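Visitor: Residue numbers (the numbering used here): 28 to 590.
Glycine is no exception: its CB is placed at the ideal position from the N, C-alpha and C atoms.
Just so you know, these numbers come straight off a predicted model, no measurement behind them.
Can you read through this structure? Questions will come right after.
Put into structure tokens, the structure is as follows:
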């Protein structure tokens with residue numbers, strides 16, 4: 028356009044130089060202004076397109092950043108949060124068992140402590156008994172020393188017994204000291220273990236209390252969501268039956284995916300069949316070309332060549348027979364009656380051979396025409412089959428691309444919808460929890476009470492009329508399941524049609540092969556009959572030569588030559 032503008036300006040300058048043609052100059056000025064205006068319009072249009080392209084690039088970049096943010100930050104945080112909740116739930120489930128085990132251990136420690144206390148009391152009783160025994164031993168020793176002299180042996184024995192008691196008392200004291208020390212150590216270890224168990228029980232009780240509070244919060248959030256869902260259902264919201272619709276659509280998508288996979292497998296098998304048919308067509312083309320070359324070859328093995336040779340031989344045989352008959356009529360027939368009879372029989376055989384030759388020539392000509400027609404029909408059928416196979420392959424490829432695109436679109440829509448629902452639920456839970464903390468009366472909302480302004484004005488509230496991706500539409504329309512089902516049905520019908528057409532092509536090829544084999548058999552039979560007739564004519568000529576030799580006539584006189 029700029030080149031045209033420059034050209035018009037140059038032309039205008041030349042027209043200004045030439046003052047003679049003012050009307051043409053005005054026309055050129057008008058066309059120049061028009062061209063400038065159109066150039067400005069095109070520049071403005073290009074600028075608008077560039078602005079739109081830049082805006083689309085910015086939107087694409089923003090969407091990519093949001094996707095990266097969701098993938099790198101939001102999704103890992105949600106996963107870690109889920110893992111933490113699962114671990115907390117597992118710990119909460121284990122907490123009652125731990126508390127019961129700790130209580131059982133505390134009870135066992137209490138029993139052991141009571142046993143130690145009873146053992147301590149028994150040790151005290153044992154000590155008192157030992158002291159009493161030591162006192163009685165001392166008294167006995169004193170009484171034995173002051174007795175009569177004649178009972179000295181008894182006093183000695185008593186003193187010895189007192190010494191034995193003294194030694195046993197010292198041993199018992201050592202044992203008691205050792206038992207006291209061991210009991211003190213056991214009591215100290217038991218007290219330490221009891222303190223540790225008390226500390227662990229306190230920790231478990233605190234953790235159980237914390238987990239109970241967390242569970243109460245989650246339960247309150249779930250109750251708020253349940254109440255809000257019930258209120259939306261009561262107010263006529265479209266969320267009633269939504270989960271059921273989602274499940275039905277997911278089952279339909281799974282069924283369509285299985286059907287599409289089966290159709291793809293069948294399409295692959297059909298493509299293999301088409302490839303084998305193409306190979307069969309190539310072989311059929313080669314056979315047709317070989318038949319064409321064989322038909323066009325003008326060698327001695329051709330039936331037409333044999334037919335021409337037969338006609339020439341038959342003509343020569345008739346000339347020989349006519350010449351011999353003329354010679355025979357001029358000579359003396361009475362002396363050569365046997366020769367005449369032989370000539371008559373030879374003439375009859377020649378006429379029969381002539382009839383057979385004419386029939387064989389006619390059959391050869393008909394066979395040649397049939398071969399030409401069969402070759403032409405085979406070529407036409409091959410071309411039609413090749414075009415049909417190419418068209419079927421292109422159609423199957425187009426349907427495969429369409430179904431792949433539809434599947435990708437449906438899966439993308441499902442993933443996007445699930446992400447939106449997850450974000451909406453998370454944001455709704457946060458807003459509900461804040462609203463509940465700010466207004467405790469929301470724990471028992473009235474059935475007809477309106478939503479709070481915080482929840483009603485929330486941009487992330489689950490309103491189906493307006494979504495984050497645009498105006499709300501039906502889920503089956505967003506997923507385009509009907510379109511995918513339609514395309515899968517088209518692929519299945521196309522596969523059935525392709526199988527039908529493949530069977531037709533196979534039948535046509537089989538019929539063509541059978542007809543070509545029959546024609547080849549007829550051609551071989553014609554060649555055999557032609558060779559047989561040629562041999563019969565040759566033998567008849569030999570008989571004629573022998574008859575002429577018997578009559579004393581040279582073969583050249585009857586027009587016979589050795590070809």
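Between the Cα of residue 433 and those of 389, 512, 420, 418, spot the shortest distance and give me the residue it belongs to.
Guide: 512
Visitor: For my contact list, residue 21 and residue 543 are in at a C-beta cut-off of 8 Å; report their separation, rounded to the angstrom.
Guide: This structure cannot speak to residue 21, because the chain is shown only from 28 to 590.
Visitor: To the nearest angstrom, how far is the alpha carbon of residue 559 from that of residue 297?
Guide: 51 Å
Visitor: Do you know how far the Cα of residue 224 is from the Cα of residue 230?
Guide: 10 Å
Visitor: Going along the chain, which residues of its own chain have a beta-carbon closer than 7 Å to the beta-carbon of residue 307, five neighbours each way excluded?
Guide: 536
Visitor: For residue 111 and residue 286, what's the separation of their Cα atoms in angstroms?
Guide: 40 Å
Visitor: Can you give the Cα-Cα distance for residue 228 and residue 142, rounded to whole angstroms?
Guide: 23 Å
Visitor: Let me check understanding here. Comparing Cα to Cα, which of 310, 449, 234, 509 lies closest to residue 117?
Guide: 234
Visitor: To the nearest angstrom, how far is the alpha carbon of residue 448 from that of residue 408?
Guide: 59 Å
Visitor: Determine contact between the segment 376–393 and the segment 546–560, defined as no fewer than three beta-carbon pairs at a distance below 8 Å.
Guide: yes
Visitor: Anyone know if the C-beta pair for residue 290 and residue 522 falls short of 8 Å?
Guide: yes
Visitor: Between the C-alpha atoms of residue 304 and residue 398, what's the straight-line distance to the nearest angstrom?
Guide: 24 Å
Visitor: How long is the line joining the alpha carbons of residue 438 and residue 91, rounded to whole angstroms?
Guide: 19 Å
Visitor: With distance defined between alpha-carbon atoms, name the residue in 140, 107, 93 nearest to residue 220.
Guide: 140
Visitor: Going straight from the alpha carbon of residue 509 to that of residue 60, what length do you get?
Guide: Between the alpha carbons of residue 509 and residue 60 lies a gap of roughly 55 Å.
Visitor: I'd like the list of long-range same chain contacts for residue 147, defined as Cβ closer than 8 Å, with 5 residues on each side in sequence excluded.
Guide: 210
Visitor: Using the rule of at least 16 other Cβ atoms within 10 Å of the residue's Cβ for burial, across every protein chain shown, is residue 529 buried or exposed?
Guide: buried
Visitor: Please work out which residues of its chain come closer than 6 Å, Cβ to Cβ, to residue 94, disregarding the five sequence neighbours upstream and downstream, and give them in chain order.
Guide: none
Visitor: Which same chain residues, not among the five before or five after residue 194, have their C-beta less than 8 Å away from its C-beta?
Guide: Residue placement at residue 194 cannot be trusted, given a pLDDT of 44 that sits under 50; what the coordinates show is reported in the next sentence. Around residue 194: no qualifying Cβ.
Visitor: Who are the Cβ neighbours of residue 328 in its own chain at under 8 Å, not counting the five residues just before and after it?
Guide: With a pLDDT of 45 at residue 328, under the threshold of 50, the modelled position of that residue is not reliable, and the figure given next carries that caveat. Taken in chain order, the residues that qualify are 554.
Visitor: Am I right that residue 301 and residue 426 are in contact with their C-beta atoms under 8 Å? What's the rounded C-beta distance?
Guide: About 14 Å separates the two Cβ atoms, so there is no contact after all.
Visitor: Classify residue 108 as helix, strand or coil using the three-state DSSP reduction.
Guide: helix
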